[in-house]
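Report on one structure; see the data block that follows.
2 protein chains.
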Amino acid sequence: MAWINKAENKHHVVIIGGGFGGLYAGKALRDKRVQVTIIDKRNFHLFQPLLYQVATGGLSPANIAAPLRGIFSRQLNTRVILDEATGFDPDSKRVFLKDEGIVNYDSLIIATGTTHSYFGHDEWEKHAPGLKTIEDATQMKNRIMLAFEQAEKEDDPEKIKELLTFVVIGAGPTGVELSGTLAEITRDTFRRDFRHIDTSESKIFLLEGLNRILPPMHEASSTSGKKLLEKLGVSVITNSMVTDIRKNLVTYRVDNREEKIKAGNILWAAGVIASPVGKMLHDVTGCELDKGGRVIVNPDLTVGKYRDIFVIGDLAHVKDEKGEMLPGVAQPAMQGGRYAAKAILAGLTGEKIPPFKYKDIGTMATIGRNAAVCEIGIFKLSGLIAWFMWLFVHLMYILGYGNKLIIFVQWAWNYFTWARQARLITNIRDNDVNEVES
Amino acid sequence: MAWINKAENKHHVVIIGGGFGGLYAGKALRDKRVQVTIIDKRNFHLFQPLLYQVATGGLSPANIAAPLRGIFSRQLNTRVILDEATGFDPDSKRVFLKDEGIVNYDSLIIATGTTHSYFGHDEWEKHAPGLKTIEDATQMKNRIMLAFEQAEKEDDPEKIKELLTFVVIGAGPTGVELSGTLAEITRDTFRRDFRHIDTSESKIFLLEGLNRILPPMHEASSTSGKKLLEKLGVSVITNSMVTDIRKNLVTYRVDNREEKIKAGNILWAAGVIASPVGKMLHDVTGCELDKGGRVIVNPDLTVGKYRDIFVIGDLAHVKDEKGEMLPGVAQPAMQGGRYAAKAILAGLTGEKIPPFKYKDIGTMATIGRNAAVCEIGIFKLSGLIAWFMWLFVHLMYILGYGNKLIIFVQWAWNYFTWARQARLITNIRDNDVNEVES
């Protein structure tokens, strides 16, 4: 049994999760009179907004990930531990770790995020993989690339058609970006690579349960986004509720009709559910959870009566001034992380700071080559200028100058040559092989 | 049952394997009056000489791989099939594929290479992973990175020492490059990243059965290579025959003594054995195999009485003028591939070409930062100039301008910042977790 204690007589801040929330909390504690321990089950911070580019072979996993140790290498008051929280004791201020360790904290920041959810239909997962981790992205890429490879060897035109049909479920930023990229690679990149099939005949469907795509954005952006997608050849079907997913078959309801699509590739970009750490916290603190398993926090992001436990990012249910829940994207997590760090530092000197207030600095989604939709303050943009802004903002926020440089070079290369170099089929797991029978 | 036939009435060359041999054969048939089908079980060509950099987190898999379809995209007489040969019928000129396909050929080039061999001790593999595929490299990287992570959480000094001990078995180019890189990352890159352990206290052993390292090179290079490695802190032990490998324990004989090293990381870079396709070919053609399972070919690289079947690259046993077998490296495979293509084209017009003659253009191995050993013709170099030559030659030979560009930028970045960005622990398989018990 290993005990991970503070080495010095300083206030010990323990951060669980190295996503946007945990990372920005940790960075805000640099050079402060506290000792910081960051615990994550992965050894890297993942820049999730670009995960769809890994899933479609445009970037390598390492391009969008930054080793946590590298990030905090020179932040000497901070230690990184590769482990997973399995429980808490909020009264004795301890976290229990999977690898048999125990950590004592003075303040605790929990930022373990969400995972994808199939709304109670876990049996859909094997037919419609989601996109939250590097492994998910590798698996999705394997399935997409293998579909083309199988089609190239297939004689039956019906099976070829099925293998070249893609259904993306959920038209949030990930679903929009995935379907736009699929349109781009089938129409352009892969077109010259096959001799038997014509990849530009691929069908791409984007299904959305609400009445417009990109629901976190304004209606004008949804409309221009839909137009841009349709121009690329994506069939956008809104108001469609998926009712069943089986091997190569999606069933959905639209306008009270039941429709079916036979598709060799079904990709899930619809729902998320809170990490199980929310439930653990509920069990020991009695804090309330919302329907998605998120922790309903106090206005200062603390939990119940515990002023030393903060929950931030996607795991927290935080309301804005209009009473709407903040979206599960990077900005609220980053701002929450910075706020929690500030609150802890203020607490050390007995100061009080005002409640957390989210500042919305904008939303954006890219739609294939040369096109994006952006909302920044009162400005709504779409098309080429929005696309350049999207590129700029993502390069700005991705961690590490090395990643910025490599991604910039890789993007420029991909742009001018239409290439996708990272389309290797590797680390195949059982579920990666496409399910069309021969 | 799918039949993969030639679409036009042209001589059909079928190439099995997209490594250096198959690739250069395929490229030499560009714009010629033949039809080419390349069959590989992977969808990419792998630049194996840089695989050790993936295993140590310096490069991403996609950096050293080129999608076969991309390579032959504009070579319109060439088709790529993702499949695996399971048998041959040399009399009816057919290849049988795993995915139930059959291919008719007029000429056949077999270039399926080798895999690592444990000299009859297959039980060693789980304790000492080898390095032949992208998956091997990912696994090796996971084990190396996890060893440091486990040590950081460990209290017992004996276990920390064991976790920070690396044994590399086999001092060919791969073993030398692996141990040199391990020295570099433990002494420099990782030094600031941990708070509890001092990675520079890591012990790195390089074991070699022969009396010198880099046996394919001249003795002067072996001597300077050994000096460079020792300067980096690697303990080089020649004349050492490994007799047993167990969980965290290597036993070897040196000078008639038996020695043991307790090590959390045992890496295999020792032996190779021919791909099973050699045995398949033996079964149907009666061709001779050598002890390593390689096909003993005719002077024109054909097999037995079959003038339409060529075996090239690592799978072929080819002797040079002194009667010594050509080494299993890229150059003989590339030259063999070009020769086979030339022989096939000559055969179409009834011409004869002289037997295959290997032209040795040099050997090189890098040894950590700023140091390498090179032999080019009568020149033998070591140190900084050799290192620059190594960089230049590898950039020159790696396929695709995109890869050249990205690797160049990544190398420059790694060099000046001492960073290793690609050290993510992903796609963990059961065997990846280090075996030290807590």
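Taken in sequence, the protein lines are chains A and B.
Sequence positions in the first sequence follow our numbering and run 2 to 439.
Sequence positions in the second sequence follow our numbering and run 2 to 439.
Where a beta carbon is used, it is the ideal one built from N, C-alpha and C, also for glycine.
Computed from a predicted model, the values in this text were never measured in an experiment.
- Would you decide whether S108 of chain A is buried or exposed? Buried here means 16 or more other CB atoms lie within 10 Å of its CB. buried
- Any idea what DSSP makes of V285 of chain B, helix, strand or coil? helix
- Please list, in chain order, all residues of the same chain as S241 of chain A whose beta carbon is under 6 Å from its beta carbon, the five residues on each side excluded. L208, Y253, V255
- Item | Top-ranked residue by Cα proximity to K33 of chain A, from A:F167, A:T418, A:I399, A:A344 | A:A344
- Taking Cβ-Cβ distances shorter than 7 Å, what residues in chain B pair up with A423 of chain A? A63
- Task: State yes or no: is the beta carbon of F393 of chain A nearer than 7 Å to at least one beta carbon in chain B?
- Result: no
- How is N435 of chain A classed by DSSP in three states: helix, strand or coil? For N435 of chain A, the predicted model reports a pLDDT of 49, less than 50, meaning its position is unreliable; a value from the coordinates is still stated below. Note: N435 of chain A maps to coil in three-state DSSP.
- Task: Would you tell me roughly how many angstroms separate the C-alpha atoms of F311 of chain A and T182 of chain B, rounded to the nearest one?
- Result: 42 Å
- Message: Rounded to the nearest angstrom, what separates G59 of chain A and I135 of chain A at their Cα positions?
- Response: 14 Å
- Can you give me the start and stop residues for the beta strand (DSSP E) that H128 of chain B sits inside? H128 of chain B -> no beta strand (DSSP E), and no H or E assigned at all.
- At what residue ranges does the region 227-312 of chain B contain a whole run of the alpha helix (DSSP H), taking only runs of 4 or more? 278-286
- Message: Suppose only complete runs of 4+ residues qualify. What are the alpha helix (DSSP H) ranges in the region 37-83 of chain B, listed by chain order?
- Response: 52-56, 69-72
- Message: If we define contact as Cβ-Cβ less than 7 Å, is W269 of chain A a contact residue for chain B?
- Response: no
- Would a check of beta-carbon distances place N428 of chain B closer than 7 Å to chain A? yes
- Just curious, the beta strand (DSSP E) that F191 of chain A is in, first and last residue? Element bounds for F191 of chain A: n/a, residue is neither H nor E.
- Assign F357 of chain B to buried or exposed, taking buried as 16 or more other Cβ atoms, counted over all protein chains shown, within 10 Å of its Cβ. buried
- What span of residues does the beta strand (DSSP E) with S108 of chain A cover, start to end? 108-111
- Compare the Cα-Cα distances from R442 of chain A to each of A:S74, A:N10, A:L24, A:R95 and report the closest residue. For chain A, the structure presents residues 2 to 439; residue 442 of chain A sits outside this window and is missing.
- Contact with chain B by F501 of chain A, beta-carbon distance below 7 Å: With chain A represented from 2 up to 439, any question about residue 501 of chain A goes unanswered, as that position is not in the structure.
- Query: Can the beta-carbon of S1 of chain B be found closer than 7 Å to that of G121 of chain B?
  - Reply: Because chain B here runs from 2 to 439, residue 1 of chain B falls outside it and cannot be looked at.
- Message: Please list, in chain order, the chain B residues whose beta carbon lies closer than 9 Å to that of R80 of chain A.
- Response: E153, F195, R196, H197
- Same chain, Cβ closer than 6 Å to G272 of chain A, five either side skipped, listed in chain order: S118, F120
- Hey, out of A:V81, A:L98, A:I82, whose CA is closest to F89 of chain A's CA? A:L98
- Enumerate in chain order the residues of its own chain whose CB-to-CB distance from P328 of chain A is below 6 Å, with the five nearest sequence positions on each side excluded. P217
- Query: Is A423 of chain B helix, strand or coil by DSSP?
  - Reply: coil
- Query: Any idea if E376 of chain A is buried or exposed, counting beta-carbon neighbours within 10 angstroms, 16 or more meaning buried?
  - Reply: buried
- Can you pull the chain A residues whose beta carbon is under 8 Å from the beta carbon of F167 of chain B, in chain order? Within 8 Å Cβ-Cβ: nothing; F167 of chain B doesn't reach chain A, min ~19 Å.
- Query: Are the C-beta of G403 of chain A and some C-beta of chain B separated by less than 7 Å?
  - Reply: yes
- How should F73 of chain A be labelled, buried or exposed, when 16 other C-beta atoms within 10 angstroms of its C-beta is the threshold for buried? buried
- Interface flag, R370 of chain B vs chain A, CB-CB below 7 Å: no
- Item | Distance between G401 of chain A and V304 of chain B (C-alpha atoms, nearest Å) | 54 Å
- What does I16 of chain A pair with, by DSSP beta-bridge criteria? A:I39, A:I110
- Item | Cβ distance (whole Å) where F149 of chain A is taken to contact I205 of chain A below 8 Å | 13 Å between Cβ atoms; not a contact.
- Message: Would L147 of chain B and A66 of chain A be called neighbours here (beta carbons separated by less than 7 Å)?
- Response: no
- Item | Nearest-angstrom beta carbon gap, A152 of chain B and I445 of chain B [assumed within contact, 8 Å] | Residue coverage of chain B in this structure runs from 2 to 439, which leaves residue 445 of chain B outside it and unanswerable.
- Taking only runs that begin and end inside the region 298-385 of chain A, name each unbroken beta strand (DSSP E) of 3 or more residues, in chain order. 307-312, 364-367, 373-377, 380-384
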